[in-house]
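So the sequence lines, in the order shown, correspond to chains A and B. The numbers in my numbering rise by one with no breaks, and the one at position 95 of the first sequence is 95. The numbers in my numbering rise by one with no breaks, and the one at position 376 of the second sequence is 766. C-beta atoms are modelled at their ideal positions from N, C-alpha and C, and glycine is treated no differently. Remember, it's a predicted structure, so these values are computed and weren't measured experimentally. To start, the structure itself, in structure tokens.
There are 2 protein chains.
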Amino acid sequence: MNYQIRNILLAVLLTGGIYSVQSQTNVVEDFKPSSVNQPGKEYPMVNSEGRVRVQISAPGAHKVQLDISAVKYDLVKDENGVWTGESAPQDEGFHYYQLWIDGAAVPDPGSLYFYGASRWGSGIEIPAKDQDFYALKNVPHGQVREHLYYSETNKSMRRCFVYTPPGYNHNTEKRYPVLYLQHGGGEDETGWSNQGHAGLIMDNLIAENKTVPFIIVMDNGTWTMSGPPRNRQQGERPAQWPPEGWADGFMKTLLNDIIPMIDANYRTIADQQHRAMAGLSMGGMQTRVITLANPDVFSYVGIFSGGSISTEDLENAAGFKEKIKLVFVSYGSRELENPRTGLGGNPKENTEALKNAGMNTHFYVSPLTAHEWQSWRRSLYEFAPLIFKN
Amino acid sequence: MNYQIRNILLAVLLTGGIYSVQSQTNVVEDFKPSSVNQPGKEYPMVNSEGRVRVQISAPGAHKVQLDISAVKYDLVKDENGVWTGESAPQDEGFHYYQLWIDGAAVPDPGSLYFYGASRWGSGIEIPAKDQDFYALKNVPHGQVREHLYYSETNKSMRRCFVYTPPGYNHNTEKRYPVLYLQHGGGEDETGWSNQGHAGLIMDNLIAENKTVPFIIVMDNGTWTMSGPPRNRQQGERPAQWPPEGWADGFMKTLLNDIIPMIDANYRTIADQQHRAMAGLSMGGMQTRVITLANPDVFSYVGIFSGGSISTEDLENAAGFKEKIKLVFVSYGSRELENPRTGLGGNPKENTEALKNAGMNTHFYVSPLTAHEWQSWRRSLYEFAPLIFKN
């Protein structure tokens, strides 16, 4: 065997070519550490096809699997007890995942953790062609503030995160519009700034002068039969989905506690014309119900992967048609390929009918993404420039 | 067998009396979910002795262990493949821990996660008799802000967290003193507000009028041979300990980038008399080195479980003795029982010698705690009222 051939064979073995054989596919060997790994961790990795490769030392284990996008992939053990394996190509953007070790579902110790699927667990980032719009750049940055407050409605302490735009600390005479931005079911008030990158999306849009600066309030919309979860420092009962009172319960807290608290503590323009609400999935459904019932409170409506508003809805929502300046509806393209039940009609047709009825609407489809965060990052990026323009 | 006896036996079995037998100890069966569990999770639990009981479903596993305070405890499997077991009694306060499943070290899926020991991993809270001082109460709350900034010294984006006290948003003419507060080795800029509860400690002290309100800046003091870790959205090489340049590298960034950035963006009183530095462990050692070299920059010095300052140090630190208004040194009592090497002399004797040399000093010992967060929460609680008093 000559040197060249031996080296090629060795390279194939060392770079994991054996897994290609195992999974009977050709895996492109250009894996790099995920951008949301813990400091110093090589694994998990992602390649140019969007495959996720994980690795964990578990010398005593008999079966280890990677569980991502509802598919489990078997890992393979080497002579040192280290298990390695990879998934099929994933869509661009962020995905939750976990490992199974001899029947135990656990977070991957290599990844950072995010709250979704009703748990803190592993996340992975498949580099997206458009990732520049949520990249961390040397531009002026706003701040994301942890805000603790007492809710009279719930007789408990609650927490929200508040994004204040660049310049907020300096222009102390200036007042700003406010977007109330909600997470989805099984997520919480950390989602939009952690995995959603809401702050970075806004910073970049503002730096390019593509949106007016505004405040974003990210609160916890989860609701259970007995009221809101205690979202800090306390155990709580498992959430149902959709949770009892998911719209009405949160609506009371939003209108009675959150909005007055925000208007009292931040330099807001505290009127209907300078207030928007948007949300993803369950948060989109909440946005739909809450804004239909309160067109005197909000001017702009964003529903991301959470249904749409029909002309029939207008009949039971006095003032909505006249007072709302924009109804924005979006979906990931893969959601429309395989529509889930309960969308309440075709969202594109509903939104076109609203436009034909005289409303200002915008329908956006995120290319090649599903019911996941890349759809919602892009939705915020498309929605923000359309609101508070005058 | 009569009813009463049968019920007693059943109760013993159901409440886990079998584990008492396994571990040949009497375990008090008053376990409650930990206060830092994930929402809806029953386990991990803590009892009145301070034992930690964990539980995880792992039907295919052969060996599962709880790893806490450097001791591994075997769990026991039931007929459903659920493993349960508990530790010996732990000290009051916060502890990092992990699970071992057939040789894999993983976070417990039941707990919240905290950055320490150079990883995001599980944490548990043993209720402390004095936990009221960091409890979440219905008092006016400050905010913890995520602040992104560009560092000229490092040519990179960095992140810190900034606590602004209650009233900061309203009293827009008022200016505040600043404490620069550093984490320990293997920790990061999230530690003091997450597991340290720095914000809650300050909110409660201020509500009781026990301290003047001040700003706290919590940055990342970790340093590697090639400079600072990239602390956001990027992988990084494993940290050494103590990291190369752990004091000098951070000192440059603190003096050249962080302090000017804070003074430019917050309503600080930007002079030596209104600036303090404190830190725990490695952060205490950094505080020692940086304040000895810069008595023109800081007035108050807090060293928590991180050495002390000797009269010999004063000889090489021009101006320190004259300009520093307080040297505060603290330890957990268990650290003094079993002193680690490298303390640089007896910290109590060193601090008394400083006092005899004419400096204002304070030596504090946290009762029955080790090199852990309960010692440092208490240290902040003792330190804060002593600074910025005039």
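Scanning chain A for C-beta atoms nearer than 9 Å to the C-beta of Ala-507 (chain B) yields nothing, as the closest lies near 11 Å away.
Around the C-beta of Lys-519 (chain B), fewer than 16 other C-beta atoms lie within 10 Å, and the residue is accordingly described as exposed. In the DSSP assignment, Gln-572 (chain B) is bridged to B:Gly-669.
Beyond the five residues adjoining it in sequence on each side, Asp-578 (chain B) comes within less than 7 Å, by CB distance, of Tyr-505, Asn-610, Thr-612 and Asn-621 in the same chain, given in chain order. Within chain B, not a single residue places a beta-carbon under 7 Å from that of Met-282 (chain A); the smallest gap is close to 15 Å.
Between Pro-127 (chain A) and chain B, the shortest Cβ-Cβ separation is not below 8 Å. For Val-529 (chain B), no pairing in a beta bridge is given by DSSP.
The alpha-carbon separation between Tyr-754 (chain B) and Gly-532 (chain B) amounts to approximately 26 Å.
Gln-143 (chain A) belongs to the set of residues whose beta carbon lies under 8 Å from a beta carbon in chain B. Closer than 7 Å at the C-beta level to chain B, one finds these residues of the segment 58-90 of chain A: Ala-58, Pro-59, Gly-60, Ala-61, His-62, Lys-63 and Gly-81.
Between Val-442 (chain B) and Ile-514 (chain B), the C-beta gap is smaller than 8 Å, which places the two residues in contact. Think of a sphere of 8 Å around the beta carbon of Gln-38 (chain A): the chain B residues whose beta carbon falls inside it are Arg-509 and Trp-510, in chain order.
Only residues of its own chain outside the window of five on either side were considered, and among them Ala-668, Gly-692 and Phe-718 have a CB closer than 7 Å to the CB of Phe-773 (chain B), listed in chain order. Less than 8 Å divides the Cβ of Glu-146 (chain A) from the Cβ of Arg-159 (chain A).
Relative to the Cα of Phe-523 (chain B), the nearest Cα in the group B:Lys-642, B:Asn-561, B:Gly-483 and B:Leu-502 belongs to B:Gly-483. Interface annotation, Thr-643 (chain B): not in contact with chain A, CB-CB separation never under 8 Å. With fewer than 16 other CB atoms across the displayed protein chains lying within 10 angstroms of its CB, His-170 (chain A) is exposed.
Take the alpha-carbon of Ser-87 (chain A) and the one of Asp-30 (chain A): they are about 14 Å apart. Residue pairing by DSSP places Lys-738 (chain B) in no beta bridge whatsoever. Residue pairing of Ala-104 (chain A) in beta bridges, as defined by DSSP: A:Ile-101. Gln-455 (chain B) has B:Asp-464 and B:Trp-490 as its beta-bridge partners, per DSSP.
The shortest C-alpha to C-alpha distance from Asn-684 (chain B) to any of B:Ile-659, B:Thr-701 and B:Leu-645 is the one to B:Leu-645. DSSP places Val-679 (chain B) within a helical segment (H, G or I) once states are collapsed to three.
With a 10 Å radius around the Cβ and a threshold of 16 neighbouring Cβ atoms, Asp-468 (chain B) comes out exposed. Under a 10 Å Cβ-count criterion, Gln-663 (chain B) is classified as exposed, with fewer than 16 other Cβ atoms of the shown protein chains found around its own Cβ. Contact annotation for Ile-491 (chain B) against chain A: Ala-58, Ala-61, Ile-101, Asp-102, Ala-104 and Val-106 [CB-CB distance below 8 Å, chain order]. In this structure, the straight-line span from the alpha carbon of Ala-525 (chain B) to that of Leu-590 (chain B) is close to 7 Å. In this structure, the straight-line span from the alpha carbon of Ser-69 (chain A) to that of Thr-601 (chain B) is close to 51 Å. Within chain B, not a single residue places a beta-carbon under 9 Å from that of Thr-25 (chain A); the smallest gap is close to 26 Å. In its chain, beyond the 5 residues on either side, Gly-81 have a beta carbon closer than 6 Å to the beta carbon of Pro-59 (chain A). In the three-state scheme derived from DSSP, where H, G and I count as helix and E and B as strand, Gln-663 (chain B) is classed as helix. Judged by DSSP in its simplified three-state form, Phe-214 (chain A) adopts coil rather than helix or strand.
Taking 8 Å as the threshold, the shortest C-beta distance from His-147 (chain A) to chain B falls below it. Residues of the segment 559-593 of chain B that bring their beta carbon within less than 7 Å of a beta carbon in chain A comprise Asn-559 and Thr-562, in sequence order. The Cβ-Cβ distance between Asn-655 (chain B) and Ile-699 (chain B) does not fall below 8 Å.
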